[in-house]
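This report concerns only the one structure given below.
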Amino acid sequence: MGSTGATATADDLRRVLLFPLPYQGHINPMFQLAGLLHSRGFAITVFHTHFNAPDASRHPDYHFVPVPGDGGMPTPAGDSSPDTVQATVKHVLAVNRACEAPFRELLAGLLARQPEREEDVACLVADAHLMTMLDVARELGVPTMALRTSSAARFRFFTAFPMLCDKGYLPARQESSSELDDAPVVELPPYRVGDLPSACSAAAHVNMREVISRAVTAVMTSSGLILNTFDALESDELASLRRDLPTAVPLFDVGPLHKLSPAASSSLLRQDRGCIDWLDAQPQGSVLYVSFGSLASMSSSDFEETAWGIAGSGRHFLWVLRPGLVPGAGAGEPPPLPDGFDAAAGGRCVVVRWAPQEEVLAHAAVGAFWTHCGWNSTVEAVCAGVPMLCSPCIGDQMGNARYVVDVWRNGLMLAGGEIERGKVAAVAALMGEGADELRRRAMELKSSAAESIGEAGSSSIMVDKLILELQRKRVERNILCFEEHPQFRSPL
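According to my numbering, the sequence shown holds residues 328 to 819 in order.
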């Protein structure tokens, strides 16, 4: 781990306020950032929704503040169709609407009590999709920083969204073909047309455009942008963002956060650690790890093809089957495996509901990772030096997979609209002798990640800059006369 030179001093205790978006892929990096800041001497307060509330008992040194008002919000259905993408976008907007008033009251109450507290509030770090919370904090005189939990390339896509609409790339056409999907997005390489958001209704496109526009504005009007990435992985994208961001918005690329943070797990699902014992007994590089994250899903036919494909691969494999992976199957339990699967797998597999993924990927027995290409999973695989088999579903996953395959060249794309067992079995050969170049590239990226967090590494330097920036932050106390607003004196 890199330099620990910049810390909050004992005679200038500072408190950082955090507010994650209530999804697993957004909660994890926020708590990793919290662990990093806490290790540098900052006190931590976490605002959170009741939906997907974090487990406060895992973080006894943090102060947790539940924000009421989200009980009636719709929740995403848990599949990867355009309808579910629309539901997720609507849910993000609902979180912002429902939490605005209670968050304003809670934050104002905290600020009113600040003279009684030992620590000065330095800043609110909120997920960039909590646009309203960033607005509220600024109105109350609190400096804000936006944490984006996806890649630098993804934020480039966000800033390019209006241009993509003007050029006719978006909204996506209802008809699709392999030729059309493979066409390059000339203005935004290396993206292809098929990597852009799926076809959706006009109303869904309006909602998506609102979320993206407001998320970009939230960053552009903040006091800083924090990204879970590192220079050697996205040097061109980071340079482009630094050119485009206002001078008042410094960019802090402080990833990989999971390697820099001492924080306890923030998983919303119980991890089955028994799989580690099984991995300990497997030969080096022999296991295919299969996991599609906490939100992505597949059809029942794709699930069966996946099962028979990996059973027919001849490889040992660890498969994460969480509840909701196949919508409508399992009734709160993981989907049932096809009849005859155990016999076909021949004792070469372990199936768990959820795995300690960072530890699994770092295990010597794991030779490849079949993934949905969520950003956290992608970064964890890069840091572990594990080649990827990419099956992107929604959101930023398409773009992440494009970078894995075409830019970083440490993985293969499982192409096509539907999974076929023969294709799956064949591509699982990426663990064989023909994949030497993939493994070489994966190890190069692993070394680059390690260098970034080493002494004088790019991310270590950025962490120190972030700490110094937070030490300089001060609430503008004259923004609001709290004595005139006693209703804001909510006890914390």
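Built from N, CA and C at the ideal position, the CB exists for glycine as well.
{"Item": "Assigned exposure category for L552 - 16 Cβ within 10 Å defines buried", "Value": "buried"}
{"Item": "Which of helix, strand or coil DSSP assigns to R570", "Value": "helix"}
{"Item": "G674 burial status per 10 Å Cβ neighbour count (16 or more: buried)", "Value": "exposed"}
{"Item": "Pairwise C-alpha distance: P589 and F346", "Value": "19 angstroms"}
{"Item": "Exposed unless 16 or more other CB atoms sit within 10 angstroms - verdict on S505", "Value": "exposed"}
{"Item": "Length-filtered (4 minimum) alpha helix (DSSP H) runs lying within the segment 408 to 491", "Value": "409 to 439, 458 to 466"}
{"Item": "Sequence ranges, beta strand (DSSP E) only - wholly within the segment 738 to 795, length at least 3", "Value": "738 to 740"}
{"Item": "Where Q364 falls: helix, strand or coil (DSSP)", "Value": "What sits at residue 364 in the sequence shown is Leu, not Gln. Of the three classes helix, strand and coil, the one that applies to L364 here is helix, per DSSP."}
{"Item": "Cα-Cα separation between P665 and S628, rounded to whole angstroms", "Value": "11 angstroms"}
{"Item": "Local Cβ density within 10 Å of R799, reported as buried at 16 or more and exposed below that", "Value": "exposed"}
{"Item": "Bridge-paired residues (DSSP) for I553", "Value": "L474, F579"}
{"Item": "M625 in three-state terms, based on DSSP", "Value": "coil"}
{"Item": "Whole-angstrom distance between F557 and P583, CA atom to CA atom", "Value": "7 angstroms"}
{"Item": "Delimiting residues of the beta strand (DSSP E) encompassing F696", "Value": "693 to 698"}
{"Item": "Cβ pair F696, P714 closer than 9 angstroms", "Value": "yes"}
{"Item": "Of the residues A559, S562, R569, the one placed nearest V546, counting alpha carbons only", "Value": "R569"}
{"Item": "Nearest-angstrom beta carbon gap, S786 and L587 [assumed within contact, 8 angstroms]", "Value": "7 angstroms"}
{"Item": "C-alpha gap between L317 and P498, whole angstroms", "Value": "Absent from the model: residue 317. The displayed extent of the chain is 328 to 819, so no value can be given."}
{"Item": "Secondary structure of F369, DSSP reduced to three states", "Value": "coil"}
{"Item": "For V617, the first and last residue of its enclosing beta strand (DSSP E)", "Value": "614 to 618"}
{"Item": "Per-residue DSSP class, three states only, for F358", "Value": "helix"}
{"Item": "Beta-carbon proximity of A776 to C710, cut-off 9 angstroms", "Value": "yes"}
{"Item": "Residue environment, D723, which counts as buried when at least 16 other CB atoms sit within 10 Å", "Value": "buried"}
{"Item": "Cβ contact (3+ pairs, closer than 8 angstroms) linking the segment 683 to 694 and the segment 455 to 468", "Value": "no"}
{"Item": "Burial state of G405, where buried means 16 or more other Cβ atoms lie within 10 Å", "Value": "For G405, the predicted model reports a pLDDT of 46, less than 50, meaning its position is unreliable and no value from the coordinates is stated."}
{"Item": "Where the alpha helix (DSSP H) through R541 begins and ends", "Value": "529 to 547"}
{"Item": "Secondary structure of V513, DSSP reduced to three states", "Value": "coil"}
{"Item": "Sequence-distant residues of the same chain with beta carbon closer than 6 angstroms to Q359, five excluded per side", "Value": "L584, H585, S588, A590"}
{"Item": "Where V709 falls: helix, strand or coil (DSSP)", "Value": "helix"}
{"Item": "Where R342 falls: helix, strand or coil (DSSP)", "Value": "strand"}
{"Item": "contact_flag[the segment 359 to 368, the segment 618 to 635] where n(CB pairs < 8 angstroms) is 3 or more", "Value": "no"}
{"Item": "Inter-residue Cα distance where the pair is E660 and S626", "Value": "16 angstroms"}
{"Item": "Neighbourhood of Y496 by C-beta distance below 7 angstroms, restricted to the same chain and skipping five residues each side", "Value": "V512, V520, L523"}
{"Item": "Check whether V693 and V647 have beta carbons under 9 angstroms apart", "Value": "no"}
{"Item": "N- and C-terminal bounds of the alpha helix (DSSP H) containing W605", "Value": "601 to 607"}
{"Item": "Cα-Cα separation, E707 to L688", "Value": "7 angstroms"}
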